[in-house]
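Report on one structure; see the data block that follows.
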Amino acid sequence: MEKKSLKDIVVMGKKVLVRVDYNVPMDKAGNITEDTRIRATLPTLEFLLAQNAAVILASHLGRPKGAVVPEFSLKPVAERLAKLLGREVLFANDCVGPEAEEKAKALKGGQILLLENLRFHKEEEKNDPEFSRQLSVLADVLVNDAFGVSHRAHASVEGITKFIPAVAGFLMEKEILFVGNTVANPVAPFVAIIGGAKVSDKIGVIENLLSKVNTLIIGGGMANTFLAAQGYQTGKSLVEADKLELAKSLIEMAKKRGVNLLLPVDVVIAEKFAADAAHKAVAIDAIDPEWMALDIGPKTAEIYAKALEGSKTVVWNGPMGVFEMDAFANGTETVAKAVAASSATSIVGGGDSIAALEKVGLAAKITHISTGGGASLEYLEGKILPGIAALADK
Ligand code: ADP
Ligand code: MG
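Rendered as structure tokens:
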């Protein structure tokens, strides 16, 4: 179903509540250490302000668990946002109630008001109808630009839409377009690269993508479970013993569907889990019983990079090895370079995969970087996300 975005509605002169994700990292003194999430919302905000909308912002920050916890106040965010926008950002000390209502009512077109942390009220995460209603009275329409919470049915993303209509902000619109539409209707050849520590984290993603991809590439710690399932000696590698049967059935499923499933042919093994551990590349039938596989091997990396050539759609989630340690970063870096070099529509999700891309300076070469964390993963699993389902249909 096509969802409306803020370009599909008239916002001129309206009161617009924008649900943003300003859950930024802060140090002990309350200074914002990283403001990517704030900067990412500027296109949506600048569009609304240029249309003379009165903009009311709502966000969560940290885990105050329904209590007023001063260290999770959004006040420092108001100051940072004011600097970034080059204009005044008003602040309300509560997200609902008399102060918020008065300030929202007095807000003029072109002005901007940030509400205090939504999660100071336990009703937010409980999707409480009365709390949803109280939020809704502040505005005429909701613009949801907080993709990172769209897998949660919370009051500010779901409950509120029972009272006022909701549309996607620009950030949300990109996630729907790339992670939603592209993955649902991919242009072939479609190659997915799945890695990371554990199969158990990514079962849903693998199962969903198996019905859509032409090639599925498996790397990272989870590849060991697939190797063990095929009877290889995996030594002290990270293997999920309770997922061997699952790995076997995924291999079967790939066969049945005609998916080209690629598993490592060689691995980099190490004497221990340490940056300075003795290490060497070996074929998968030569893993030392006392050692552990911490990266795909150079032959595998080359095969994986080659498999990406000519692809039209690429989804990558999860590093190929322990990329945080230089000795085990080659597999991830080779794949990162191949994804970046490809002319395919490329979509990358997962905090560590994004960190790996940034480490090699290739993030800008990716078509879409999905910043949703848990929401990205559930979206890649093909799930219906409540925050997206609640947006008005076109
Ligand atoms: P993402 O955040 O991109 O979704 P994950 O969180 O699933 O990725 O997995 C990333 C983690 O997996 C990294 O910390 C990495 O060190 C670890 N990892 C990758 N390969 C291995 C391996 N062979 N053995 C142990 N850990 C691994
Ligand atoms: Mg991770």
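Reading the sequence shown from the start, the letters are residues -13 to 380 in the working numbering.
The beta carbon of each residue, even a glycine, is placed where N, CA and C say it ideally should be.
If you draw a straight line from the Cα of L76 to the Cα of F133, it is about 24 Å long.
The secondary-structure analysis by DSSP pairs T331 across a beta bridge with T299. For G336, the shortest separation between its Cβ and any heavy atom of the ligand MG lies below 7 Å. Rounded to the nearest angstrom, the gap between the Cα atoms of A183 and L224 is 8 Å. Contact between L3 and L124 is confirmed by a C-beta separation of about 6 Å, below the 8 Å threshold. Contact annotation, N9 with G48: C-beta distance approximately 7 Å; criterion of less than 8 Å satisfied. For I179, no alpha helix (DSSP H) run applies; the uninterrupted beta strand (DSSP E) run containing it begins and ends at 176 to 180, by DSSP. Taking every protein chain shown into account, the CB of F106 has 16 or more other CB atoms within 10 angstroms, so this residue is buried. Nearest neighbour of I282 by Cα position, chosen from V300, D262, I203, E65, turns out to be I203. Under the DSSP assignment, D338 falls in the alpha helix (DSSP H) whose first and last residues are 337 to 345.
The stretch 168 to 177 makes contact with the stretch 323 to 341: 3 or more CB pairs, one atom from each, lie closer than 8 Å. Checking the DSSP bridge columns, you'll see T201 partnered with V177, N246. Classified as buried, K188 has 16 or more neighbouring CB atoms from the shown chains inside 10 Å of its CB. A distance below 6 Å between beta-carbons, with the five flanking residues on each side excluded, links S(-9) to the following residues of its chain, in chain order: V153, A154, E159.
Each of K69, K148, F58 was checked against the Cα of L104, and the nearest Cα belongs to F58. In this structure, the CA atom of A227 is about 10 Å from the CA atom of F212. In the DSSP assignment, D274 falls outside any beta strand (DSSP E) and carries neither an H nor an E.
One alpha carbon belongs to G335, the other to A361, and they sit about 10 Å apart. Secondary structure note for I374: its alpha helix (DSSP H) is the uninterrupted segment 372 to 375.
N130 and A341 have their C-alpha atoms some 26 Å from each other. Buried is the label assigned to S356, since at least 16 other Cβ atoms lie within 10 Å of its Cβ. Under DSSP, L76 takes part in a beta bridge, and its partners are L99. Less than 8 Å divides the Cβ of I180 from the Cβ of G304. The beta carbon of N303 sits closer than 7 Å to at least one heavy atom of the ligand ADP. The beta carbon of N246 sits closer than 6 Å to the beta carbons of T201 from its chain, once the five residues preceding and following it are set aside; these are given in chain order. In this structure, L366 sits away from H137, with a CB-CB distance that is not shorter than 8 Å. According to the DSSP assignment, R23 belongs to the alpha helix (DSSP H) that extends over 22 to 26. Not one heavy atom of the ligand ADP is found less than 7 Å from the C-beta of S332.
Going by C-alpha positions, L93 is about 6 Å away from A40. For E87, the CB contacts under 7 Å within the same chain, skipping 5 residues up- and downstream, are V123, L124 in chain order. Going by C-alpha positions, F33 is about 18 Å away from A64.
For L43, the enclosing beta strand (DSSP E) has its first and last residue at 40 to 44.
Beyond the five residues adjoining it in sequence on each side, Y218 comes within less than 8 Å, by CB distance, of I270, D271, I273 in the same chain, given in chain order.
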